[in-house]
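Enquirer: Just passing along the structure, written as structure tokens.
Protein chains: 2
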Amino acid sequence: MRSGPVRIDAMDSSSTRRRATRAKLYEAAVTLIAEQGFSATTVDEIAERAGVAKGTVYYNFKSKTELFEELLRYGVGLLTASLQAAADETAERGGTRVEALDAMIRAGLVFIDRYPAFTQLYVAELWRTNRAWQSTLLVVRQQAVAVVETVLREGVESDELSRDIDIPLTAAALVGMVLVAALDWQAFQRERSLDDVHSALSLLLHGRVSGRR
Amino acid sequence: MRSGPVRIDAMDSSSTRRRATRAKLYEAAVTLIAEQGFSATTVDEIAERAGVAKGTVYYNFKSKTELFEELLRYGVGLLTASLQAAADETAERGGTRVEALDAMIRAGLVFIDRYPAFTQLYVAELWRTNRAWQSTLLVVRQQAVAVVETVLREGVESDELSRDIDIPLTAAALVGMVLVAALDWQAFQRERSLDDVHSALSLLLHGRVSGRR
DNA sequence: CCTTTTAGACTGACCAGTCAGTGCAAAAGC
DNA sequence: GCTTTTGCACTGACTGGTCAGTCTAAAAGG
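Respectively, the protein sequence lines represent chains Y and L. If you number the first sequence the way our numbering does, the last residue is 201 and the count never jumps. If you number the second sequence the way our numbering does, the last residue is 201 and the count never jumps.
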């Protein structure tokens, strides 16, 4: 009866139990670190919030830093996928590149709305130097920015966007615009709806704030 | 009340010597905290970098947190003054509000170029919750954003800017655009000149990226 | 002479990481 | 069947180090 290879998935070191524990730890770590910062957050707090013993943290991750790095990789992976999906959907619908950018702005806002703690933590760590996870962050940032740069590049090639734009700088500015507007919305202007924020940013993207009439 | 203002100087505790020591401590703290974060930076390190005994830190500030809060107040004061000056100069020259915004973008970039460490540290702390200096930051952020909001409001009233814009959100987005583009420039695109960054942002502001031709 | 700074020893709290041990379910042995 | 073994996942008390903040006596500054 039980002669089959029942234990195989125990071998890839991600049994259901383990995965569930890791998920609880990510969840606990992300909010605590977003609130307090990495150094001010203790492993005891993370364990307590996750409802596991401290030893379990070290059974699942080799250090506090490693837990944090995996968290970063995981979160930015989600964001990148979501931006890419927005761009792809627009392309499939036969939309313009500007529409794609607009869709990506919305996707960014939806992401931040859903994972505000992760976004806080990402922004807070991104421009620090001399930190253990600098190299992880650099890679992970480039993935996300590259998605925007690609759409900008396509837009320029198809003459939909101005030849004058500086792609890397414009991509950074757009990402920053969305990131900061969204965090500000979450932190200081909670009463606004996602649509409010989206249309304010959309107006800016389309140059209808101060553009020639 | 004018009988003897002799002690006022002593009472606001800012003899020349003290001021010089405090300045050395700000300077040391700002770079260390920008690199490592508040919690990961020790008072011993700050004192050593400032070339001062540890006791001196506590003679001048009642705690590490208080040193940091004063640093924040001081830095944002500089930024706000510089944005305001840019807006005022444009107005005196009889420039438009859009020109004023453009001048403020440049002033922001110049500030970040001069005090990159302060900017890093500000961004890293701004959206954290549950920190001792949250309330200080809130006040100080509002001062800076208000300068931008005022110019936007004047622009709308004089019909120079679209009635459709949402002033608080647009102000936040503009500030974010400058902040993130500048930090990205400093961290990942050092080879670009301030003018490159300024014209990329200017193009966005004027809606010449994707605006109607 | 009053203020400010120095050097550095000291304390008490706090915290990352360790390790010997527990619980438990599936397999092996009988 | 039933009991013994195996190994995974987890536990929590403990350790060694670190750091904010204090204290002192004496020197430097003005």
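Just so it is clear, CB atoms sit at the ideal spot from N, CA and C, and this is done for glycine as well. Small disclaimer: the values here were computed from a predicted structure and weren't measured.
Check each residue of the region 162 to 177 of chain L: if its Cβ is closer than 9 Å to any Cβ of chain Y, include it; give the result in chain order.
Expert: L162, V163, G164, M165, V166, L167, V168, A169, A170, L171, D172, W173, Q174, A175, F176 and Q177
Enquirer: Assess contact between the region 41 to 48 of chain Y and the region 19 to 29 of chain Y, defined as three or more Cβ pairs (one per stretch) separated by less than 8 Å. Is contact present?
Expert: Not touching, per the Cβ criterion.
Enquirer: Which residues of chain Y have a Cβ atom closer than 7 Å to the Cβ of A16 of chain L, listed in chain order?
Expert: None at all; the shortest Cβ gap to chain Y is about 15 Å.
Enquirer: Which first and last residues belong to the alpha helix (DSSP H) in which N48 of chain L is found?
Expert: K42 to N48
Enquirer: H186 of chain Y by DSSP, collapsed to three states: which one?
Expert: helix
Enquirer: Say whether chain Y places a C-beta atom closer than 8 Å to the C-beta of S190 of chain L.
Expert: Not closer than 8 Å to any Cβ of chain Y, the Cβ of S190 of chain L fails to qualify, so no.
Enquirer: List, in order along the chain, the chain Y residues whose C-beta lies closer than 7 Å to that of A160 of chain L?
Expert: Scanning chain Y for C-beta atoms nearer than 7 Å to the C-beta of A160 of chain L yields V168, A169 and D172, reported in chain order.
Enquirer: In terms of alpha-carbon separation, which member of L:S198, L:V185 and L:E142 lies closest to G83 of chain L?
Expert: L:E142
Enquirer: CB-CB under 7 Å to I(-4) of chain Y, same chain, minus the five flanking residues each way: which ones, in chain order?
Expert: Unreliable placement is indicated for I(-4) of chain Y, whose pLDDT of 32 sits below 50; the coordinate value is still reported in the next sentence. Around I(-4) of chain Y: no qualifying Cβ.
Enquirer: Taking only beta-carbon atoms, is V136 of chain Y less than 8 Å away from chain L?
Expert: no
Enquirer: May I ask you to report which of helix, strand or coil DSSP gives D32 of chain Y?
Expert: helix
Enquirer: For a quick check, are the C-beta atoms of S190 of chain Y and I34 of chain Y less than 8 Å apart?
Expert: no
Enquirer: With three or more C-beta pairs closer than 8 Å as the rule, is the region 174 to 192 of chain L touching the region 142 to 160 of chain Y?
Expert: yes
Enquirer: Which stretch, first to last residue, makes up the alpha helix (DSSP H) that contains F26 of chain Y?
Expert: Neither: F26 of chain Y is in no alpha helix (DSSP H) and is coded neither H nor E.
Enquirer: Under a CB-based cut-off of 8 Å, is I153 of chain L close to chain Y?
Expert: yes
Enquirer: Should L212 of chain Y be flagged as near chain L, meaning a C-beta pair shorter than 8 Å?
Expert: What the structure shows of chain Y is the stretch from -11 to 201, and residue 212 of chain Y is not part of that stretch, so it cannot be assessed.
Enquirer: Straight-line CA distance for S198 of chain Y to V40 of chain Y?
Expert: About 54 Å.
Enquirer: Touch check for the region 71 to 79 of chain L and the region 117 to 125 of chain L: three-plus C-beta pairs under 8 Å?
Expert: no
Enquirer: As an exercise, report each continuous alpha helix (DSSP H) stretch of at least 4 residues that is fully enclosed by the region 92 to 166 of chain Y, in chain order.
Expert: 104 to 114 and 122 to 145
Enquirer: Below 8 Å CB to CB, which residues in the same chain sit around A132 of chain Y once its five sequence neighbours on both sides are set aside?
Expert: So the list reads V64, L67, T68, L71 and V163, once near-sequence residues are dropped.
Enquirer: Rounded to the nearest angstrom, how far is the Cβ of L60 of chain L from that of L125 of chain L, given a contact under 8 Å?
Expert: 6 Å
Enquirer: Are the C-beta atoms of V128 of chain L and some chain Y residue less than 8 Å apart?
Expert: no
Enquirer: DSSP three-state call for S70 of chain Y: helix, strand or coil?
Expert: helix
Enquirer: Roughly how many angstroms separate the alpha carbons of G25 of chain L and L55 of chain L, rounded to a whole number?
Expert: 14 Å
Enquirer: Leaving out five residues before and five after E57 of chain Y in sequence, what residues of the same chain have Cβ atoms less than 7 Å from its Cβ?
Expert: W121 and T124
Enquirer: Drop a sphere of 10 angstroms on the beta-carbon of R10 of chain L, count the other beta-carbons inside from all chains shown, and report buried for 16 or more, exposed for fewer.
Expert: buried
Enquirer: In its own chain, which residues sit with a C-beta less than 8 Å from the C-beta of M(-1) of chain Y, not counting the 5 before and 5 after it?
Expert: Unreliable placement is indicated for M(-1) of chain Y, whose pLDDT of 38 sits below 50; the coordinate value is still reported in the next sentence. Answer for M(-1) of chain Y: no residue qualifies.
Enquirer: Quick check on V108 of chain L - is its C-beta less than 8 Å from some C-beta in chain Y?
Expert: Going by the sequence as given, residue 108 of chain L is Gln instead of Val. With 8 Å as the cut-off, Q108 of chain L counts as an interface residue toward chain Y.
Enquirer: Would DSSP call V197 of chain Y helix, strand or coil?
Expert: coil
Enquirer: Mapping DSSP to helix, strand and coil, what is G39 of chain L?
Expert: coil
Enquirer: Give every residue of the same chain whose Cβ lies closer than 6 Å to the Cβ of E87 of chain L, excluding the five residues on either side of it in the sequence, and list them in chain order.
Expert: Result list for E87 of chain L: T78, in chain order.
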